[in-house]
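To keep things clear, I will list the structure first and then write my remarks on it.
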Amino acid sequence: MPQETQRRLAAIVAADVVAYSRLMEADEAGTLATMRAHRRDLWAPLVKKYGGRIVGGAGDSILIEYSSAVAAVESSIEVQQGMDERNASLPEDRKMLLRVGINIGEVIVADDDIFGDGVNIAARLQALSEPGGMALSDKVRTEICGRMLVRLTDSGEQYVKNISEPIRVWRWAQGQGDAADQPVVMSRADASESFPSILVLPFENMSGDPEQEFFTDGITEDLLTELSRFHGLTVISRTTSFALKGSSQSVPELAQKAGAKFVVEGSVRKAGNRLRITVQLIDAAADTHIWAEKYDRSFEDIFDIQDEVTRAIASVVPGRLEAAAQKLAARKPPGNLAAFEYVLTGKVLHHRSNPEDNRRALDLLNKAIALDPSYAHAHAWRGCVLGQAWANGYVEDRDALIPRIAKELRIALELDENDSDVHRILAAVNLIYLNFDRSAFHQERAISLNPNDDLIVVQQGEILTWMGQPEEGAEWIRRAMRLNPFHPERFWAHLGRAHFSAGKYSEAVEAYRRVGSPNHLMLCWQAASAARAGDVDLAAQSISQAQAQMPALSIDDLRTAAQFRHEKDWQHLAAALAEAGLPAADEA
């Protein structure tokens with residue numbers, strides 16, 4: 014049965030073997046065997062490594078879909094370099110050369126195949142490529158700007174078959190893709206300001222044991238992969254990172270060469286049966302440390318260690334970068350902020366959860382979208398801020414917000430369906446509307462896209478709590494806290510809610526005590542927990558503080574902010590709030 018047709022934005026790679034008919038005529042069996050070996054041993058592993066999907070291709074061609082232009086270009090460079098190595102010992106008339114074309118465009122997906130002008134242009138670019146080289150559209154070149162060190166030749170605008178408008182073509186040739194000395198020139202004036210750009214230098218093997226080199230390189234490879242899941246970061250490519258391995262230049266010099274604002278560097282030292290892994294996050298321009306940590310582990314299962322340390326580093330670095338970027342943004346005149354910085358500041362205001370900061374957050378997100386209307390993250394966060402206003406009653410006409418929220422989230426998803434934070438926010442907003450199945454769908458998508466984002470992990474705990482699985486929810490919330498030791502204090506409120514819902518009232522009270530500046534909702538949950546734990550004074554005090562923030566607050570005011578799937582869970586909370594002294598609506 015045919016699958017439902019859908020559209021999405023993709024990076025498309027079209028590759029074709031040069032002079033395939035001549036090779037087949039000369040040695041049909043040998044050519045087929047060689048082609049199969051290349052597909053099996055070189056192409057397929059690299060496509061998988063870079064998160065691509067082979068979607069088609071005849072015997073002499075291949076069509077691949079990627080969600081990232083950088084991944085498409087990096088994997089294609091590695092394929093061409095691998096083919097060059099395999100051809101090195103062969104006579105000229107037996108060498109199998111590839112032409113590669115790469116484009117970004119909207120594709121139509123049907124029955125696991127892809128169609129559309131985006132695919133057609135990639136195929137036309139392939140025909141314009143030199144044997145052993147690549148031809149890129151200007152869209153691809155724009156996307157990799159500031160993310161890769163790779164030398165491209167501008168071939169100008171080209172008219173191609175069945176495409177009405179000319180395509181600006183950039184060519185890459187063998188020997189130019191090793192990041193030797195020339196970065197891609199930025200094509201947008203503000204590109205360097207869009208997101209925090211980060212260079213991960215290959216970790217240094219301090220053990221004196223050459224056999225440990227694979228482990229240190231593995232840490233670097235995995236960290237690059239995990240950090241690339243965060244769409245709010247510009248991660249300099251693997252090709253560039255490893256081209257700088259062993260350089261004697263200083264960190265600021267390397268960062269300038271790669272076009273990065275921040276640098277991660279680290280080392281691995283083995284002594285006996287112990288490993289010490291150190292990592293540092295550096296502001297390259299100021300040449301100062303933002304964060305540093307060391308991990309001491311037993312050398313019993315090296316791959317588990319590699320996974321554990323990579324996850325720990327990947328979960329902390331984005332938050333530390335965001336905090337550093339927030340400090341820089343705070344020192345800038347308001348009119349000089351980039352779209353990313355408006356979103357960053359809007360997030361901070363949103364998390365304060367009060368009417369005034371909600372309005373200020375919305376104003377900043379409006380400015381971000383005015384600067385960059387195609388910024389998916391900004392649209393998603395505008396939907397989130399509007400959803401907060403709807404859920405907490407910050408506006409008089411709540412019904413008027415519903416179509417606005419739906420529009421923002423639809424735009425965000427259309428712009429970037431592979432942004433994990435877009436799916437996280439869609440899960441949260443669908444939960445507000447009690448669309449539990451849609452919420453679970455988007456939450457699962459967010460987790461699959463980025464399992465190291467503490468905000469996604471903690472939300473998994475929140476959603477499980479609302480759906481009647483609070484003990485499992487508490488485990489996910491604790492996992493988020495372990496992932497990011499610098500987590501926001503509101504994580505304690507999420508844990509307190511899970512404990513209350515599970516009937517662990519003393520543990521809930523203890524969690525809420527860790528919140529330094531609770532809002533009226535947190536205070537009400539604290540009051541309910543204290544009432545059930547037998548702490549009458551704390552319950553009364555918490556209700557008093559909540560009513561000071563929200564005069565005439567009643568139990569019914571919490572109903573829309575409590576997204577329980579099961580009515581019994583709401584009744585549990587409402588009864589505890591009544592015990593704490595919060596009046597019903599007709600008593601307030």
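Numbering (my numbering), first residue to last: 14 to 601.
Note that beta-carbon positions come from the ideal geometry of N, C-alpha and C, so glycine has one too.
Per DSSP, the beta-bridge partners of ALA123 are ASP126.
One alpha carbon belongs to ALA325, the other to LEU496, and they sit about 6 angstroms apart. According to DSSP, residue pairing for MET147 in a beta bridge involves VAL113 and TRP185.
Straight through space, the alpha carbons of GLU156 and PHE499 are spaced by roughly 32 angstroms. Look at HIS364 here: in three-state DSSP terms it is coil, with no helix or strand label.
When secondary structure is reduced to three states using DSSP, GLN472 falls in the helix class. Beta bridge pairing from DSSP links ALA23 with GLY118. Among the bridge pairs identified by DSSP, ASN218 is matched with VAL281. With a beta-carbon spacing of about 7 angstroms, LEU595 and ALA540 fall inside the 8 angstroms limit used to define contacts. When rounded, the separation of the alpha-carbon atoms in GLY145 and THR253 is 20 angstroms.
Collapsing the DSSP output to three states places ARG495 in a helix.
Taking ILE75 as reference, the option from ASP40, GLU41, GLN19 and VAL132 with the minimal CA-CA separation is VAL132. Taking every protein chain shown into account, the CB of ASN286 has fewer than 16 other CB atoms within 10 angstroms, so this residue is exposed. Under the three-pair Cβ rule at 8 angstroms, the segment 419-438 counts as touching the segment 378-392.
For ALA32, the closest C-alpha among the options ASP73, ARG52, LEU59 and LYS61 is that of ASP73. Taken in chain order, the whole alpha helix (DSSP H) runs of length 4 or more contained in the segment 510-552 are 518-525 and 533-546. The segment 111-121 makes contact with the segment 77-93, as at least three CB pairs between them are under 8 angstroms. With a cutoff of 8 angstroms on beta-carbon distance, HIS507 and GLU475 are scored as near each other.
The C-alpha of ASP550 lies about 12 angstroms from the C-alpha of GLU592. In the displayed model, LEU76 falls within a strand according to three-state DSSP. In this structure, the beta-carbon distance from ALA597 to ASP569 falls below 8 angstroms. Between HIS579 and LEU590, the alpha-carbon positions lie close to 18 angstroms from each other. Note that the C-beta distance between SER366 and LYS283 is not below 8 angstroms. Linking TYR518 to CYS537 through their CA atoms gives a straight-line distance of about 13 angstroms. For HIS302, no alpha helix (DSSP H) run applies; the uninterrupted beta strand (DSSP E) run containing it begins and ends at 301-311, by DSSP. In the displayed model, GLN262 falls within coil according to three-state DSSP, outside both helix and strand. Between ARG503 and HIS363, the C-beta gap is not smaller than 8 angstroms, which leaves the two residues out of contact. For VAL276 against ILE295, the beta-carbon gap comes to about 5 angstroms, under 8 angstroms, which counts as contact. For the set ILE303, GLN482 and ARG242, the Cα lying nearest the Cα of THR323 is the one of ARG242.
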